[in-house]
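Okay, structure first, notes after.
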């Protein structure tokens with residue numbers, strides 16, 4: 001019998017388990033497989049809520065690395081570039097939060113980043129500190145290590161159901177069943193299963209209000225010589241604007257003609273090759289998935305057509321950078337109506353921390369901390385709890 005079982009061992013769930021174990025006399029169990037893909041990190045965001053969550057989380061990354069001995073954060077900086085409302089909002093919030101940035105005009109962009117093709121109206125904001133990219137798999141490893149060090153039990157398994165059962169003495173306990181046949185009893189459960197929440201019986205009788213949007217990224221291989229010379233000082237790049245006239249026209253765009261993407265600098269992967277990764281902003285291509293089978297097919301087969309268009313786009317964006325080979329993969333992000341995560345209680349024994357909206361990686365430590373505090377002792381974040389209220393529909397109404 002545990003005090004708390006955290007279901008979902010991704011970045012949010014592992015962080016929540018870590019913080020929960022810091023509460024005296026609290027037994028914690030974490031269940032779930034870990035995440036694998038890389039993520040861009042920056043503190044700025046058009047939404048001040050996300051900026052606050054990211055600033056607190058990223059500020060703890062070095063401490064997590066030091067305490068765990070696992071390096072996952074690469075502080076190469078992040079460049080916001082472009083024009084328009086979204087870019088201006090992000091810049092405005094950055095100034096309000098005083099995250100520490102350099103403002104670049106169009107001439108600055110062209111002189112500082114001659115290998116990137118921007119248009120004459122684009123401006124930039126460069127975050128040098130607390131910005132770059134992280135390895136989610138290693139972040140999760142670090143969080144789980146710290147949780148286990150504090151006494152957390154970890155099961156590398158997939159939960160198939162969560163229920164509330166009455167005991168012989170009249171008290172209610174939560175019961176968690178896994179695909180490997182494990183049966184775990186606990187006083188409280190926190191669900192942190194992201195896009196897969198509604199595909200198993202985790203929130204009995206409810207369907208979370210979130211859209212499952214597809215994302216496709218392309219990894220373009222470059223030579224080690226180019227990675228260590230021309231692109232040695234390259235930051236992560238986030239772009240929102242109309243782009244350059246020479247950009248490949250079939251890359252995803254909004255209805256108003258603008259486009260948005262994120263890109264990492266060259267990263268050395270386990271195959272000992274260097275890749276630049278680029279993916280479209282999630283809302284430039286609102287392809288929504290409705291079933292577990294559709295999600296499974298996306299992860300299995302990907303979207304090769306979009307991968308091909310993305311590499312063609314990269315060839316027009318990266319000036320003078322030869323691309324050897326490329327590969328693409330796809331994933332799913334859970335998008336909520338508010339654009340913010342759900343961190344809320346379903347009832348006094350069941351809580352949720354889901355709905356990352358594609359932004360949760362950089363903010364996962366603070367989301368996990370807030371969720372653990374909520375389910376154990378009550379809401380303790382300086383942010384208003386109303387900003388994170390769960391929206392769910394009873395299955396009886398569907």
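In UniProt numbering, the protein residues as written are 1 to 398.
Note that the Cβ used here is the ideal one computed from N, Cα and C, for glycine as well.
Top-ranked residue by Cα proximity to residue i, from the options
i	options	result
residue 384	305, 337, 53, 171	53
residue 217	149, 283, 330	330
residue 12	290, 361, 391, 378	361
residue 160	254, 154, 31, 150	31
residue 25	57, 1, 61, 177	1
residue 9	389, 147, 377, 258	147
residue 211	358, 305, 254	358
residue 80	234, 158, 354	234
residue 338	387, 397, 55, 241	387
residue 119	175, 241, 227, 355	241
residue 281	288, 304, 254, 301	254
residue 377	299, 180, 188	188
residue 265	279, 104, 60, 105	279
residue 257	284, 223, 177	284
residue 214	107, 51, 301, 57	301
residue 275	125, 306, 227	227
residue 397	5, 207, 291	207
residue 116	315, 323, 324	315
residue 40	135, 223, 313, 103	135
residue 64	89, 313, 145	145
Secondary structure of residue i, DSSP reduced to three states
i	result
residue 1	coil
residue 381	coil
residue 360	coil
residue 300	helix
residue 351	strand
residue 390	coil
residue 376	helix
residue 343	strand
residue 306	helix
residue 319	coil
residue 45	coil
residue 16	helix
residue 396	helix
residue 329	strand
residue 216	strand
residue 370	helix
residue 9	coil
9 Å Cβ cutoff met for residue i and residue j
i	j	result
residue 340	residue 19	no
residue 209	residue 336	yes
residue 310	residue 251	yes
residue 308	residue 328	yes
residue 73	residue 132	yes
residue 205	residue 394	yes
residue 122	residue 82	yes
residue 373	residue 380	yes
residue 326	residue 219	yes
residue 193	residue 354	yes
residue 289	residue 78	no
residue 158	residue 33	yes
residue 151	residue 21	yes
residue 71	residue 138	yes
residue 140	residue 14	yes
residue 56	residue 363	yes
residue 16	residue 392	no
residue 230	residue 124	no
residue 291	residue 196	no
Residue i: CB within 8 Å of a non-hydrogen atom of the ligand ZN
i	result
residue 238	Judged by which ligands are present, the structure shown has none, so any question about the ligand ZN falls away.
For residue j and residue i, believed in contact at Cβ under 8 Å, the rounded distance
i	j	result
residue 181	residue 130	Not quite, the Cβ-Cβ distance comes to about 43 Å (not below 8 Å), so this is no contact.
residue 221	residue 183	Incorrect: roughly 46 Å between the Cβ atoms, too far for contact.
residue 295	residue 191	With a Cβ gap of about 17 Å, residue 295 and residue 191 do not count as contacting.
residue 346	residue 202	Wrong, their Cβ atoms sit about 10 Å apart, outside the cutoff.
residue 101	residue 127	5 Å
residue 76	residue 236	6 Å
residue 247	residue 318	Their Cβ separation, rounded to whole angstroms, is 11 Å, which puts residue 247 and residue 318 out of contact at 8 Å.
**Report entry** Start-end ranges of the beta strand (DSSP E) lying completely within the region 221 to 280, minimum 3 residues
**Finding:** 236 to 241, 259 to 263, 274 to 280
Report task. Write down every uninterrupted run of the beta strand (DSSP E) in the region 52 to 119 whose length is 3 residues or greater and which is fully enclosed by it, in chain order. Result -> 78 to 82, 101 to 104
Query raised in the report: Which ranges does the alpha helix (DSSP H) cover as unbroken runs of at least 4 residues, wholly within the region 125 to 210, from first to last along the chain?
Result: 136 to 149
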